[in-house]
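**Student:** Quick note on this note's numbering: the sequence shown kicks off at 11 and runs consecutively.
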Amino acid sequence: MVFVVMAVVGVMSGILGALIGLGGGVILVPALLFMGTSFAFFPELSPQKIVGLSVIMMIFTGLSSTLAYMKVRTVDYKSGLIFFAGSAPGTIVGAFINKNLDLPSFNLYFGILLVFLSVLLLLRDHLKAVRWFVDNGRKTTFIDRENKQYIYGYPIWFALLLTFFVGIASGLFGIGGGSIIVPAMILLFLFPPHVAVGTSMLMVFLSALVNSVTHISLGNVPWIYTLAVVPGAYIGAKIGAALNKRLNSEMLVTILRIVLLVLGLRSIYEGIFSN
Numbered sequence: 011m012v013f014v015v016m017a018v019v020g021v022m023s024g025i026l027g028a029l030i031g032l033g034g035g036v037i038l039v040p041a042l043l044f045m046g047t048s049f050a051f052f053p054e055l056s057p058q059k060i061v062g063l064s065v066i067m068m069i070f071t072g073l074s075s076t077l078a079y080m081k082v083r084t085v086d087y088k089s090g091l092i093f094f095a096g097s098a099p100g101t102i103v104g105a106f107i108n109k110n111l112d113l114p115s116f117n118l119y120f121g122i123l124l125v126f127l128s129v130l131l132l133l134r135d136h137l138k139a140v141r142w143f144v145d146n147g148r149k150t151t152f153i154d155r156e157n158k159q160y161i162y163g164y165p166i167w168f169a170l171l172l173t174f175f176v177g178i179a180s181g182l183f184g185i186g187g188g189s190i191i192v193p194a195m196i197l198l199f200l201f202p203p204h205v206a207v208g209t210s211m212l213m214v215f216l217s218a219l220v221n222s223v224t225h226i227s228l229g230n231v232p233w234i235y236t237l238a239v240v241p242g243a244y245i246g247a248k249i250g251a252a253l254n255k256r257l258n259s260e261m262l263v264t265i266l267r268i269v270l271l272v273l274g275l276r277s278i279y280e281g282i283f284s285n
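Dropping the structure here:
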């Protein structure tokens, strides 16, 4: 029964993670924390082990999604590598911070992060475009399937600094960094949402490789559960990437808003009121 639950959660994490560029960890981590604390499904899984499991899963969801987005040419390779260069050292720092967090603290900080990201996206349509980053950085032009032209960009130094802190959050919470970098790419760097998602998944995959080495060395990976989660997440990621091509950009942003807000509020509640 436990393995079936793990597999189902893995599939859903893969679908939503690939669909909106989150990497899946932002779904897997709160889902397992909720089921572990509310239904005692996984009493032996601490937040550290759930994060370790999430990081291993993201290697495979990131790879599956990246390959799918490469086929439809919505991956900006140069940006993905620049973001990875900044996030990789951050994941190591975050993994070491993670080992000192108890469950209520983990839930509270994780929830605050998710709600903050959701609010940013809720305000997106009411915020004036931040053109400074594009005007003062490397520019890229992208033409979508409807022949709409996008010009986006960023200063490399700022991208490295931002993704370093994204990496810390990734190593700390096991969320892959996509949940942070995708809103930043859309709001600050003016990426078209489909390109933001595809590029994010490349960064998630590469960062997860580095992140996993650190969590393995800290003994945070419950290997037996990877047998259920990884295949499910890999299949889910393929489904999510296929759905991404059929949904318009605004639909993607709407899904992202709802997912982050619901999960964030739930996590804050658990952090404050759990015993």
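Virtual Cβ for every residue (Gly too), placed ideally from N, Cα, C.
If I follow the unbroken beta strand (DSSP E) through Ile161, where does it start and stop?
**Tutor:** On the sequence shown, position 151 is the one that residue 161 refers to. Ile161: member of the beta strand (DSSP E) spanning Gln159 to Tyr164, first to last residue.
**Student:** Taking the C-alpha atoms as reference points, what is the distance between Ala252 and Ala78?
**Tutor:** Position 242 of the sequence shown, counted from the start, is the residue given in the question as residue 252. Position 68 of the sequence shown, counted from the start, is the residue given in the question as residue 78. Near 8 Å, if we compare the C-alpha coordinates of Ala78 and Ala252.
**Student:** To the nearest angstrom, report how far apart Gly35 and Val103 are at their CA atoms.
**Tutor:** The residue labelled residue 35 in the question sits at position 25 within the sequence shown. The residue labelled residue 103 in the question sits at position 93 within the sequence shown. If you take the alpha carbons of Gly35 and Val103, they lie about 18 Å apart.
**Student:** Hey, out of Ile66, Gln58 and Leu42, whose CA is closest to Gly186's CA?
**Tutor:** Residue numbering aside, residue 186 sits at position 176 when the sequence shown is read from its first letter. The shortest Cα separation from Gly186 among Ile66, Gln58 and Leu42 belongs to Ile66.
**Student:** Between the region 164–182 and the region 106–114, can you find at least three pairs of beta-carbon atoms closer than 8 Å?
**Tutor:** Per the Cβ contact rule, the region 106–114 is in contact with the region 164–182 (3 or more Cβ pairs under 8 Å).
**Student:** Quick check: the Cα distance between Gly62 and Ser128, rounded to an integer number of angstroms?
**Tutor:** Translated into the one-based positions of the sequence shown, residue 62 becomes position 52. Translated into the one-based positions of the sequence shown, residue 128 becomes position 118. Approximately 25 Å, taken between the alpha carbons.
**Student:** Would you kindly report the start and end of the unbroken alpha helix (DSSP H) that includes Ile245?
**Tutor:** Taking the sequence shown and counting its residues from 1, one reaches residue 245 at position 235. Element bounds for Ile245: Trp233 to Asn254.
**Student:** Here's the rule I'm using: 16 or more other beta-carbon atoms within 10 Å means buried, otherwise exposed. How should Gln159 be labelled?
**Tutor:** The count along the sequence shown starts at 1 and reaches residue 159 at position 149. Result: exposed.
**Student:** How many angstroms separate the CA atom of Ser23 from the CA atom of Gly246?
**Tutor:** Looking up residue 23 in the sequence shown gives position 13. Looking up residue 246 in the sequence shown gives position 236. Straight-line Cα distance between these residues: approximately 7 Å.
**Student:** Quick check: the Cα distance between Gly147 and Val12, rounded to an integer number of angstroms?
**Tutor:** Here residue 147 refers to the residue found at position 137 when the sequence shown is read from its first residue. Here residue 12 refers to the residue found at position 2 when the sequence shown is read from its first residue. Between Gly147 and Val12, the C-alpha separation is close to 49 Å.
**Student:** How is the beta strand (DSSP E) around Ile153 delimited, first residue to last?
**Tutor:** Here residue 153 corresponds to residue number 143 of the sequence shown, with the count starting at 1. DSSP places Ile153 in the uninterrupted beta strand (DSSP E) bounded by Arg148 to Ile153.
**Student:** When you compare the CB positions of Ser288 and Phe116, do they come within less than 7 Å of one another, or not?
**Tutor:** Absent from the structure is residue 288, since the part of the chain shown begins at 11 and ends at 285.
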